[in-house]
Structure formats: C-alpha cells, structure tokens
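Structure first, then comments.
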Amino acid sequence: MKPELVAELARKVLEQGLSPEDAMTQGLAAGMRRMGEKFTAKQCFVPEVLLASKAMYAGFDILKEHVTGPGRTRGRVILGVVQGDIHDIGKNIVKVMVQAAGFEVIDLGRNVPLPEFARAVESDLSDRSDGSDRSLVLGMSSLMTTTMPRMGKVIDLLDKAGLRKQVKVIVGGAPVTTGFAQGIGADGFAPDAHSAVLEIERLAGQGSR
Ligand code: B1M
115 MKPELVAELA RKVLEQGLSP EDAMTQGLAA GMRRMGEKFT AKQCFVPEVL LASKAMYAGF
175 DILKEHVTGP GRTRGRVILG VVQGDIHDIG KNIVKVMVQA AGFEVIDLGR NVPLPEFARA
235 VESDLSDRSD GSDRSLVLGM SSLMTTTMPR MGKVIDLLDK AGLRKQVKVI VGGAPVTTGF
295 AQGIGADGFA PDAHSAVLEI ERLAGQGSR
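Position one of the sequence shown corresponds to residue 115 (our numbering), numbered consecutively onward.
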C-alpha cells in the first residue's frame, strides 16, 4: 500500500540487475494476490485494495519498460476482460509478459462488450492483405463468478460467425479452472501470467489458422 516505496524498490531491482519479469510475477503479482486473500478474509477493504493497486502500478510502470522480448513477432494475441468486469490488474500483467515473450498484443481493455471480441478476431483475420499467416490467439480474463460464463458466450459468438476454427482461445482469472475452460470450449487455460505465456506459445505453435 506504499506507492513511493514500491517505485523505489522497482528502481532498485533494475539497478541491481535483477529480472523485471520475476519482480512482476514474484513481487507485484504475489503482493496483489496476498491483498486479494486478505480482502476475501475481510482483513482489509476496498480503500486498501485500491491503494495496493496504486502501489502495484507504481512498480509496474517502471518495470514494464524493461521487460524485453526476442525482438520479433511470434503472433498476435487479442486480450480483454469481459463485459461487466472491471478487474484488469491480472490482465495487464499477462499483457506485459506476453508482449515480452514476443507477441503483438491488441488490448481491448476491460468491461469489453462481448461482440467486440468477435469483431476484433474478424478484423484481424480479414486484415491479411499482406499474405500474413501469423497465429492468432484470443485471451479473455474474468475475475468474477458472475461474469466468467460470458467467456463461453464469446466462444458461441465466434462459432456463429464461422470464426472459431481460425482462432485459439485461452481464458484466465482467479475463479477460472481447467474444468471450466474445457466446459465452455476454450482451447487453453492458465492460472498465472507465466503459465499464460507458456500456454499461448503452445496454442500459437499448434497453428491457429
Ligand atoms: Co473486486 N472482487 N470487486 N475489486 N476484487 C474480487 C474479484 C472478489 C473475489 C472479492 C471478494 O468478494 N472476495 C469479488 C468477486 C466475487 C465473485 O466472484 N462474484 C469482487 C467483487 C464482488 C467486486 C465488486 C462487485 C465489489 C463491489 O463494488 N461491491 C466490484 C466489481 C466491479 C466490476 O467489475 N463490475 C469490485 C471492484 C474492485 C476494485 C475496483 C476495488 C478492484 C479492481 C481494480 C482493478 O482491477 N483495476 C478490486 C480488486 C483489486 C479485487 C481483488 C481484491 C483482487 C483482484 C486482483 O487484482 N488480484 C479480488 C479478490 C481476489 O481475487 N481474491 C476481488 C491480483 C491479480 C494479479 O491477480 O487478477 O487473479 P488476478 O490475475 C492473475 C491470474 O488470475 C492470471 O494471471 C494473473 C497474474 O498472475 N490471469 C490470467 C488473469 N487473467 C488471465 C488471463 C489469461 C491467463 C491468466 O489468459 C487470457
């Protein structure tokens, strides 16, 4: 909950040549997870959580500039938090890690209307006048049990639009499980940002075209 201190520590990470990726996943994300557990246990409340997010972003904004990738595009990932859900801290961490792994990310943001996901997929697939055959992955995030079924609705929309076979879908967020992901017909699931990168690499390697 101390933005100045977190910023100072993030700068120290860089000065000491430590890995900004590790600082993000093992430091910032772990800290937010701890706040999440405290919030759930009613040991802290919304103002503290917001202060913790502010502190998280104070470190995140410094570290993200130093997360480097392989310098070539390995494919494109469309990312967003589903309609009705404004929790985007996890999605933003996933985004930076996926970018660092060399993927181009189209970030649709949070509280994304469901048809917008399908539109983004359609627009990417139709914009291949350069003959590009890069892989395409759609990543959806949801932090609430009330909004997570909407990820399945997006998959249905892709199906109806005849786009489903041309894109791999990965879902994530604290309440999401492998079983849930399989149940809604997603191709992949990841419990954290590091596994999200590995899963997206796997999906992209399968040739999602
Ligand atoms: Co709210 N909130 N919140 N909240 N909040 C939860 C989610 C909740 C579980 C708390 C609780 O009651 N125990 C609960 C949901 C209950 C349910 O499921 N039905 C809840 C609620 C109810 C609400 C409100 C409705 C509260 C209210 O107003 N009455 C409201 C909802 C508003 C809305 O969305 N419409 C609300 C608001 C907020 C804040 C604005 C205060 C703030 C969000 C700030 C923001 O995100 N910009 C907030 C926060 C911070 C939380 C908790 C405390 C922490 C979430 C978080 O940031 N975790 C959360 C409690 C909890 O999770 N235990 C809670 C840290 C983050 C790094 O982890 O997001 O899980 P996470 O991401 C991880 C992995 O999940 C994974 O990688 C990430 C990094 O390792 N991952 C993916 C995430 N997306 C992925 C996508 C992938 C793959 C992996 O592939 C595409």
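Every residue gets a Cβ at the ideal spot worked out from N, C-alpha and C, and that includes glycine.
Residue i, buried or exposed, once every other Cβ within 10 Å from all chains shown has been counted against 16
| i | result |
| --- | --- |
| Ser249 | buried |
| Lys168 | exposed |
| Lys116 | exposed |
| Glu313 | buried |
| Glu255 | For clarity, residue 255 is Ser in the given sequence; the question names Glu instead. Answer is buried; the Cβ neighbour count reaches 16. |
| Phe159 | exposed |
| Pro134 | buried |
| Leu164 | exposed |
| Ala172 | buried |
| Leu257 | buried |
| Arg242 | exposed |
Rounded Cβ spacing between residue i and residue j (contact assumed at less than 8 Å)
| i | j | result |
| --- | --- | --- |
| His180 | Leu128 | 6 Å |
| Gly253 | Val191 | 6 Å |
Terminal residues of the alpha helix (DSSP H) in which residue i lies
| i | result |
| --- | --- |
| Ile207 | 203-214 |
| Phe174 | 160-177 |
Rounded straight-line distance, which links the Cα of residue j to that of residue i
| i | j | result |
| --- | --- | --- |
| Leu193 | Val285 | 10 Å |
Segment limits, beta strand (DSSP E) that includes residue i
| i | result |
| --- | --- |
| Gly194 | 190-196 |
is_contact[residue i, chain C] using C-beta, thresh 8 Å
| i | result |
| --- | --- |
| Glu236 | The question asks about chain C, but that chain is absent: this structure has only one protein chain. |
- Message: To test your reading of the DSSP string, which unbroken alpha helix (DSSP H) runs of 4 or more residues are found completely within the stretch 227-267?
- Response: 228-240
- Item | Contiguous alpha helix (DSSP H) assignments of at least 4 residues, all confined to the stretch 261-317 | 263-274, 292-297
- Message: Going residue by residue through the stretch 124-154, where are the continuous alpha helix (DSSP H) segments of at least 4 residues, counting only ones entirely within it?
- Response: 144-154
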